[in-house]
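A.B. asks: Here it is, the structure, as structure tokens.
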Amino acid sequence: MRQIVQRALIILIGGAALGLAANLVSPRRIPLITPPKQAIPETEFIPLSEAYALWSGGAGFFLDARAPADYKAGHIPNAFSLPAEEFDAYYPQVESMLNTDSAIVCYCNGVECDLSRHLAEVLKQRGFTNIRILKNAWTEWVKAGYPIAKGAQP
Amino acid sequence: MVNLILRLVLGSIFVAAGVTKIWPVKVTTAPFTMTVTSYAPDASEFAGSVLNYRVPPRALNNLVAITFPWIELLAGGLLMCGIWKRASTVVITVLMVVFLIVIGQAVARGLNISCGCFGTVEGRKVGLTALAEDTAMFAAALWLLWRDKEKEENPA
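These protein sequences, in sequence, are chains F and Z. Going by my numbering, the first sequence opens with residue 45, and the numbers climb by one from there. Going by my numbering, the second sequence opens with residue 33, and the numbers climb by one from there.
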């Protein structure tokens, strides 16, 4: 019994040590302690009315960070689907249309939704500078009675 | 015989779960291709999955993402090879308890997140299916604990 516990501990500690070592030597290492969540400054949010003005002027790029199925079920017209969780697969489709200073509005749905924030962070890392987030977007957009589009196309 | 099959199946599931978390792969459906996104161990993707479960303390999430896949890989590999069977089964049983609790709380809170169980390969959402699979694996581990004794390691 004691031997089993000892060996189990060796597996746990050995595995953890391997993991730490692999992370240490990997060029893609991540910090051991999770960096604290960054509070989003209010300016990064775009009020609904401003977003609508931007949208109707045709000047901004709206990026839908939700899952493709949600996009298909209904989205803001002319918004492109760029699911935060499948960024690498979808990014090539929109990459050519965006400039680093394009006015970009990321949205998802629900007050608790983190997808648009994730998407904004990833885009920022790629050098985009003019990104804002529309909070609880889909619900608010529909509630305001603004136009919507359905299907996989923008 | 049953024990051997259970050991091979459970062990290989753990090896697969570990490998796909350590080296994230990208799968496209038609035409089916599977590409490794990085040959260098990349914990960032799994770290994102761990964060999604929103289990505090948040600061330790990365440490979990860095270490757990390797523990899975090691324990699964040992179990498959029949080395330290009892000890690796104990580790796997403990891991299954942790996974069941973490997935259970996510389902209970209605979190709409991807499972992260095998990296993000299947893009599968956490839900009752994941919970059922894990329960089956937990049962298999318990069975092995109960029936798969290593007599040779306990000399009289």
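Even glycine gets a Cβ: it sits at the ideal position worked out from N, Cα and C.
Quick one: grab the DSSP three-state call for F:Asp108.
C.D. replies: Three-state result, F:Asp108: strand.
A.B. asks: Which of the three DSSP states, helix, strand or coil, is assigned to F:Lys194?
C.D. replies: Coil, per DSSP.
A.B. asks: To the nearest angstrom, how far is the alpha carbon of Z:Pro56 from that of Z:Val96?
C.D. replies: Each residue's alpha carbon lies about 16 angstroms from the other.
A.B. asks: Per DSSP, what are the beta-bridge partners of F:Ile151 in this structure?
C.D. replies: Note on residue identity: the sequence assigns Tyr, not Ile, to residue 151 of chain F. According to DSSP, which records beta bridges pairwise, F:Tyr151 is partnered with F:Asp108, F:Leu178.
A.B. asks: Spell out the partners DSSP gives F:His119 in its beta bridges.
C.D. replies: Looking at the DSSP assignment, F:His119 forms a beta bridge with F:Ala193.
A.B. asks: Does any residue of chain F have a CB that is nearer than 8 angstroms to the CB of Z:Val122?
C.D. replies: Judged by the 8 angstroms Cβ criterion, Z:Val122 is in contact with chain F.
A.B. asks: Secondary structure at Z:Lys53, three-state DSSP: helix, strand or coil?
C.D. replies: DSSP places Z:Lys53 in helix when its eight states are reduced to three.
A.B. asks: List the residues of chain Z that F:Asn122 touches, going by C-beta distances under 9 angstroms, in chain order.
C.D. replies: Per Cβ cutoff of 9 angstroms: no residues; F:Asn122 is ~26 angstroms from chain Z at best.
A.B. asks: What does F:Asn67 touch in chain Z if you count any residue whose Cβ is under 8 angstroms from its own?
C.D. replies: Residues of chain Z passing the Cβ test: Pro73, Ala75, Ile98.
A.B. asks: Do three or more CB pairs link the segment 40-52 of chain Z to the segment 134-148 of chain F at distances below 8 angstroms?
C.D. replies: Cβ pair count under 8 angstroms is below three, so no.
A.B. asks: Tell me which residues share the same chain as F:Ala95 and place their Cβ nearer than 7 angstroms to its Cβ, disregarding the 5 neighbours each side in the sequence.
C.D. replies: Correct list, in chain order: Val149, Leu178.
A.B. asks: Can you list the residues of chain Z that F:Ser125 reaches, using a CB-CB cut of under 7 angstroms?
C.D. replies: Under the 7 angstroms cutoff, chain Z gives no residues; its nearest Cβ is about 15 angstroms from F:Ser125.
A.B. asks: How would you call F:Ser100, buried or exposed, if buried means at least 16 neighbouring beta carbons within 10 angstroms?
C.D. replies: Exposed, since its Cβ has fewer than 16 Cβ neighbours within 10 Å.
A.B. asks: By alpha-carbon positions, which one of Z:Ala171, Z:Phe170, Z:Val134 ends up nearest to Z:Tyr85?
C.D. replies: Of the listed residues, the one whose Cα sits closest to Z:Tyr85 is Z:Val134.
A.B. asks: Hey, is Z:Trp178's beta-carbon within less than 8 angstroms of any beta-carbon in chain F?
C.D. replies: Output row for Z:Trp178: interface = no.
A.B. asks: Please identify, using Cβ separations under 7 angstroms, the residues of the segment 173-194 of chain F that lie next to chain Z, in order along the chain.
C.D. replies: So the list is empty, because no residue satisfies the distance condition.
A.B. asks: Compare the Cα-Cα distances from Z:Val198 to each of Z:Val139, Z:Ala173, Z:Leu92 and report the closest residue.
C.D. replies: Outside the modelled stretch of chain Z, which goes from 33 to 188, sits residue 198 of chain Z, for which no answer is possible.
A.B. asks: Looking only at its own chain, which residues have a Cβ that is under 8 angstroms from the Cβ of Z:Asn186, when we skip the five neighbours before and after it?
C.D. replies: Residue placement at Z:Asn186 is flagged as unreliable, the pLDDT there being 46, under the threshold of 50; a coordinate-derived value is accordingly withheld.
A.B. asks: Does the beta-carbon of Z:Leu160 have 16 or more other beta-carbons within 10 angstroms, so that it is buried, or is it exposed?
C.D. replies: The residue in question, Z:Leu160, is exposed, as its Cβ has fewer than 16 Cβ neighbours within 10 Å.
A.B. asks: Around the Cβ of Z:Tyr23, are there at least 16 other Cβ atoms within 10 angstroms (buried) or fewer (exposed)?
C.D. replies: Outside the displayed span of chain Z (33 to 188) sits residue 23 of chain Z, for which this structure offers no information.
A.B. asks: For F:Ser217 and F:Gly118, I'd like the C-alpha separation in whole angstroms.
C.D. replies: Since the displayed chain F opens at 45 and closes at 198, residue 217 of chain F lies outside it and no answer follows.
A.B. asks: Pull up the CB-CB distance for F:Ala147 and F:Phe89, whole angstroms please, since I reckon it's below 8 angstroms.
C.D. replies: At roughly 14 angstroms, the Cβ-Cβ gap does not stay under 8 angstroms, so F:Ala147 and F:Phe89 are not in contact.
A.B. asks: Give a yes or no on whether 8 angstroms exceeds the smallest Cβ distance from Z:Trp116 to chain F.
C.D. replies: Closer than 8 angstroms: yes.
A.B. asks: Roughly how many angstroms separate the alpha carbons of Z:Ala162 and Z:Arg39, rounded to a whole number?
C.D. replies: Computed Cα separation, rounded: 20 angstroms.
A.B. asks: Smallest Cα separation from F:Asp154: which of F:Glu184, F:Glu165, F:Met45, F:Arg176?
C.D. replies: Looking at the sequence itself, residue 154 of chain F is Gly, so the reference to Asp does not match. When each option's Cα is compared against that of F:Gly154, the closest is F:Glu184.
A.B. asks: What did DSSP end up calling F:Ile125 once you bin it into helix, strand or coil?
C.D. replies: Note that residue 125 of chain F is Ser in the sequence shown, not Ile. Residue state, collapsed to three classes: strand.
A.B. asks: Output yes if chain Z places a C-beta closer than 8 angstroms to the C-beta of F:Leu62; else output no.
C.D. replies: Yes, its Cβ sits closer than 8 angstroms to a Cβ of chain Z.
A.B. asks: Count the other CB atoms within 10 Å of the CB of Z:Pro73; is the residue buried (16 or more) or exposed (fewer)?
C.D. replies: Flag for Z:Pro73 reads buried.
A.B. asks: Applying a beta-carbon distance threshold of less than 8 angstroms, which residues of chain F neighbour Z:Pro101?
C.D. replies: Per Cβ cutoff of 8 angstroms: Gly63.
A.B. asks: Using the beta-carbon count (16 or more within 10 Å), is Z:Val82 buried or exposed?
C.D. replies: Buried, since its Cβ has 16 or more Cβ neighbours within 10 Å.
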